[in-house]
Ligand SMILES: *Cc1c(COP(=O)(O)O)cnc(C)c1O
């Protein structure tokens, strides 16, 4: 099946109020342009160098999302154009994004990445750390950052009840933070969860942004 028909099929399955980031990491400009020519504009990359190169070479109306682990010394390269950073997970990273947002005179939307899977990883706040980060409210002093919601990845497993439980946890944490800290902030609205293997479970659990790579572009 062509990239175009895969995009069209997904748009038929995914509810219209759920956004789809086409994860194009490791795929070529010509593959991205097939999706672009099918009308798709929202793409995601997980490595800064690759993202910057694609940004320079591809049409400027593409909305680029950064979904990978972000090193502080690389923020300045994506700050001029990135649409949404899905992986804010420390105060030090926040301060660097704030600085580069200021340099570029723009407000950079960010999601707080929360670690919900059982697997060990360096990236993401634990739910408890995320609560503290939000309650601490240093983000309120960052006028060049917009905290727009949460992002998470479920455990890579066939066990659907486990995946569902993890997505539900993220949805519940979102609701809790919304009630306590973002009640009057309409921009805190996104829950980025769901990939090729689990996006339908994620949508059932309240995802507002799915990040789909393999199902659109094939294996990497
Ligand atoms: C690569 C990646 C995806 C897409 O994964 P697929 O299984 O290919 O759909 C989604 N989110 C993140 C954070 C990724 O790194």
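Residue numbers (our numbering): 107 to 326. Where is the CB? At the ideal position from N, CA and C, for every residue including glycine. Note that this is a predicted model, so its numbers are computed, not measured.
Item, Value
"Does the beta carbon of residue 240 fall short of 7 Å from some heavy atom of ligand 1?", "no"
"Report the three-state DSSP secondary structure of residue 164 (helix, strand or coil).", "coil"
"For a minimum of 4 consecutive residues, which ranges assigned as the alpha helix (DSSP H) are wholly contained in the stretch 250 to 299?", "266 to 287"
"Quick check: what's the CA-CA separation for residue 230 versus residue 143?", "34 Å"
"List, from N- to C-terminal side, the beta strand (DSSP E) runs of 3 residues or more that fit wholly inside the stretch 155 to 221.", "169 to 172, 190 to 194, 214 to 221"
"Between the stretch 182 to 190 and the stretch 218 to 237, do at least 3 Cβ pairs fall closer than 8 Å?", "no"
"Please indicate yes or no: does the CB of residue 130 lie closer than 7 Å to some heavy atom of ligand 1?", "no"
"Between the alpha carbons of residue 205 and residue 326, how many angstroms are there, rounded?", "34 Å"
"Start and end of the beta strand (DSSP E) containing residue 305?", "Here residue 305 belongs to no beta strand (DSSP E); instead the alpha helix (DSSP H) covers 305 to 310."
"If we ignore side chains and look at the alpha-carbon of each, how far apart do residue 176 and residue 311 end up?", "27 Å"
"Buried or exposed, going by whether 16 or more other CB atoms sit within 10 Å of the CB of residue 233?", "buried"
"How far does the alpha helix (DSSP H) with residue 125 in it extend, from its first residue to its last?", "Here residue 125 belongs to no alpha helix (DSSP H); instead the beta strand (DSSP E) covers 125 to 129."
"Rounded to the nearest angstrom, what separates residue 120 and residue 182 at their Cα positions?", "34 Å"
"Rounding to the nearest angstrom, what Cα-Cα distance links residue 169 and residue 256 in this structure?", "19 Å"
"Measure from the alpha carbon of residue 283 to the alpha carbon of each residue in 307, 242, 318, then state which is nearest.", "242"
"Where residue 107 and residue 269 are concerned, what is the direct C-alpha to C-alpha distance, given to the nearest angstrom?", "28 Å"
"Roughly how many angstroms lie between the CA atoms of residue 180 and residue 154, to the nearest whole one?", "7 Å"
"At what residues does the beta strand (DSSP E) containing residue 149 begin and finish?", "148 to 151"
"With DSSP as the reference, please indicate the residues paired to residue 138 in a beta bridge.", "In the DSSP output, where bridge partners are listed per residue, residue 138 has none listed."
"Restricting to Cα atoms, I'd like to know which of 216, 150, 133 is closest to residue 240.", "216"
"Enumerate in chain order the residues of its own chain whose CB-to-CB distance from residue 178 is below 8 Å, with the five nearest sequence positions on each side excluded.", "198, 199, 202"
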